[in-house]
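*Asks:* Residue 3 is where the sequence shown starts when you use our numbering, and the numbers rise one by one after that.
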Amino acid sequence: MNVGAQWILRTSEDPLLPEKAPQAPAHKAAQTPAAEAAARTRPHAALRPAVRTGAETRPQATPRAPQAAARPSLKPVPGAAAAPAAAPLRPAAGSQAAQAPRAVPDAALVAEVRTAPWERIASIVNRCRACMMADTRQHTVCADGAPGCPMVLIGEAPGRDEDLQGIPFVGKSGALLNKILEACGLQRGRDVAIVNVLKCRPPRNRDPRPDEAAACAAFLDRQLELLAPNVIVLMGRQATLRMLNRTERLDALRGKIWKLSIAGREVPVVVTYHPSSLLRNPVDKEKGWHDFLFARDILQHGAGAAAG
Ligand code: SF4
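(1) Who are the near neighbours of VAL112 in its chain, counting only those whose CB is closer than 7 Å to its CB and skipping five residues on each side?
(2) Please list, in chain order, all residues of the same chain as ALA305 whose beta carbon is under 6 Å from its beta carbon, the five residues on each side excluded.
(3) Quick check: SER278 and GLY168, are their CB atoms within less than 9 Å of each other?
(4) So that I know if they touch, is there some Cβ in chain D lying closer than 9 Å to that of VAL194?
(5) What do you get for PRO103, buried or exposed, if any count of 16 or more other CB atoms within 10 angstroms of its CB means buried?
(6) Is any heavy atom of the ligand SF4 found at a distance shorter than 8 Å from the C-beta of PRO107?
(7) Using 8 Å as the threshold, is the region 249–264 in touch with the region 164–182, meaning 3 or more CB pairs across them?
(8) Could you check where the beta strand (DSSP E) with ILE169 kicks off and where it finishes?
(9) Would you call the CB atoms of ALA159 and TRP120 closer than 9 Å?
(10) Measuring only from the beta carbon, is VAL115 closer than 8 Å to any heavy atom that is part of the ligand SF4?
(11) For THR274, which beta-bridge partners are listed by DSSP?
(12) According to the neighbour-count rule (16 or more other Cβ atoms, all chains shown, within 10 Å of its Cβ), is PHE294 buried or exposed?
(13) Is any non-hydrogen atom of the ligand SF4 found closer than 8 Å to the C-beta of GLU214, if you look at the structure I gave you?
(14) How many Å lie between PRO61 and ALA297 at the Cα?
(15) Alpha carbons only, please: which of PRO210, CYS151, LEU281 is nearest the one belonging to ALA230?
(16) State yes or no: is the C-beta of THR249 nearer than 8 Å to some heavy atom of the ligand SF4?
(17) Measure the Cβ-Cβ separation of ASP146 and ARG203 and say whether it is below 9 Å.
(18) In this structure, how does DSSP classify GLY157 when only helix, strand and coil are distinguished?
(19) Judging by CA-CA distance, which residue of PRO212, LEU228, GLU114 is the nearest neighbour of MET245?
(20) Provide the residue(s) that pair with LYS289 in DSSP beta bridges, ordered along the chain.
(21) Could you tell me if VAL154 is buried or exposed, where buried requires 16 or more neighbouring beta carbons within 10 angstroms of its beta carbon?
(22) Which residue spans inside the region 110–134 form an unbroken beta strand (DSSP E) run of at least 3?
(23) From the DSSP output, which residues share a beta bridge with ASP146?
(24) Using a threshold of 8 Å, is the CB atom of LEU200 nearer than that to any non-hydrogen atom of the ligand SF4?
(25) Got a sec, what are the start and stop residues for the alpha helix (DSSP H) GLU214 sits in?
(26) Which class does ARG190 belong to by DSSP, given the choice of helix, strand or coil?
(27) Could you tell me the boundaries of the alpha helix (DSSP H) in which ASP253 lies?
(28) Of the choices GLU268, LEU243, MET134, whose alpha-carbon is the least far from that of HIS276?
(29) Do ILE156 and VAL197 have their CB atoms nearer than 9 Å?
(30) Would ILE300 and VAL194 be called neighbours here (beta carbons separated by less than 9 Å)?
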């Protein structure tokens, strides 16, 4: 991969960042005085034993980002751990999700996937009926990309288009994601692999329940082991909750380098918005683009250099 050679200077005609886009930040933007005041924080405990989390922080790559000024520096960030939790991620009482039977991991499939090669994971997932989504899915949606892609994006769950095609991030949100990646000189399938926390579409795109995410976790864990990424981008609140066990607003989690321990290796992690959220809130597109630039800088220069 030669991501650096494909860096694209932004212009006012850029389709992703039209009139509001600032000039492209130089790689050294993180070395501004503000960036040198990068904060570092220790992790929360992991949700899942196979993938543990940690966190390093840095200020926003762009001085226009409001978080930059608010970052504490060079010490643990008690505010991050003590931040008020987001609204509980539980389905409303009486809802279809609340009434669904509790998801229970399929022990046989979990054991099988733990040693499965990449090529077999999809067929194992196809046999999974551990949660109610097996009854409503059209297709399971396993991954786009394969080991060798140095960047891995993790989303929440398939939506309608993904369920119909069996491919993650297609439709409008996929098109926006592709634009962002192209603007960063990154290519799906070559530089970037995409996976979801859940492999089947939740009815009406509702939030996954914790037991459903847990029932599906072994598949994602094995995917990450085999992908062995150099940087991970968590897209959206649900992916961030599942992987980092953080419930703060995404704005409070962006612009930092978090860490996941995957197969004994610390992998830098960046948090950003889900592309569907960017479609609903175009004002956030610029911040989302900067998040991917940040991740690309980590890929090119390493977490230490990207953090300034
Ligand atoms: S969402 Fe995951 S746990 Fe539920 S049926 Fe699909 S593969 Fe199995």
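Glycine residues also receive a C-beta, built at the ideal position from the N, C-alpha and C atoms.
*Replies:* In brief:
(1) ALA220
(2) ILE259, PRO270
(3) no
(4) Annotation note: the requested chain D is absent from the structure, which comprises a single protein chain.
(5) exposed
(6) yes
(7) no
(8) Where ILE169 is concerned, there is no enclosing beta strand (DSSP E), given that its DSSP letter is neither H nor E.
(9) no
(10) no
(11) MET237
(12) buried
(13) yes
(14) A caution first: PRO61 carries a pLDDT of 41, below 50, which makes its placement in the model unreliable, though a value can still be read off. Computed Cα separation, rounded: 13 Å.
(15) CYS151
(16) no
(17) no
(18) strand
(19) PRO212
(20) Its beta-bridge partners do not exist; DSSP assigns none.
(21) buried
(22) none
(23) ILE196
(24) yes
(25) 212–229
(26) strand
(27) 252–255
(28) LEU243
(29) yes
(30) no
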